[in-house]
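Trainee: Here it is, the structure in full.
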Amino acid sequence: MALDQSFTGRVYPPTSTYEVSREKIREFADALGDTNPLYRDTEAAKAAGYPDVIAPPTFLTIINLASINAIVTDPELGLDYSRMVHGDQRFTYARPVHAGDLLSLTTYIDNIMARAGNDFINLRAEISGADGGLIATTYAQLVVRGEGA
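Quick note, the sequence shown lines up with residues 1 to 149 if you use UniProt numbering.
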């Protein structure tokens with residue numbers, strides 16, 4: 001079943017906020033095996049000019065994944081999750097995420113297209129802080145393999 005292309009342009013506003021903690025940053029860095037002191041040591045982060053420890057660049061996957069899942073599990077979209085693979089992911093930052101940030105996320109379906117029997121859906125999420133200022137934008141492309149693929 002092809003994806004419903006009328007979903008292109010849909011906007012999913014924030015449904016909650018996520019408070020970034022030192023412990024979550026440390027746990028994420030541990031999972032990556034990254035010992036960068038900026039992710040663990042408040043004094044090192046402050047000496048580098050940050051207000052607190054900062055998060056590894058891919059930390060935003062934690063909140064981004066929930067928004068992606070809310071979209072792809074919408075039965076009206078017509079996405080067969082068992083045939084989906086992650087095609088691309090990238091992040092652009094206005095500033096690093098740090099402990100104490102209160103994040104909200106607005107997700108957009110930028111494009112849905114069919115190519116070579118496969119469906120492609122391009123998602124964008126704008127992640128803002130408590131003051132409404134943009135912290136980062138994430139981009140993801142999901143590929144839904146066609147029946148013969």
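Note that the Cβ used here is the ideal one computed from N, Cα and C, for glycine as well.
#1: Let me know the secondary structure DSSP gives T138 once reduced to three states.
#2: May I ask you to report which of helix, strand or coil DSSP gives D101?
#3: Whose C-beta lies closer than 7 Å to the C-beta of S21 among residues of the same chain, with five residues either side of it excluded?
#4: In whole angstroms, what is the alpha-carbon distance linking G78 and I121?
#5: Could you round the C-beta distance between F59 and V11 to whole angstroms and report it? I think they count as a contact, below 8 Å.
#6: The beta strand (DSSP E) with L123 in it runs from where to where?
Mentor: With the structure as the only source:
#1: The residue labelled residue 138 in the question sits at position 138 within the sequence shown. T138: strand per DSSP, three-state reduction.
#2: Along the sequence shown, read from residue 1 onward, the residue named residue 101 stands at position 101. Three-state result, D101: coil.
#3: Counting from one through the sequence shown, the residue named residue 21 turns up at place 21. Within the same chain, S21 has close Cβ partners A99.
#4: Taking the first residue of the sequence shown as 1, we reach residue 78 at position 78. Taking the first residue of the sequence shown as 1, we reach residue 121 at position 121. Separation of G78 and I121 (C-alpha to C-alpha, rounded to the nearest whole angstrom) is 12 Å.
#5: As a first step, residue 59 is located in the sequence shown; it is residue number 59 there, counting from the start. As a first step, residue 11 is located in the sequence shown; it is residue number 11 there, counting from the start. 24 Å between Cβ atoms; not a contact.
#6: As a working note, residue 123 is residue 123 in the sequence shown. It spans 118–128 - the beta strand (DSSP E) in which L123 sits, taken as one unbroken run.
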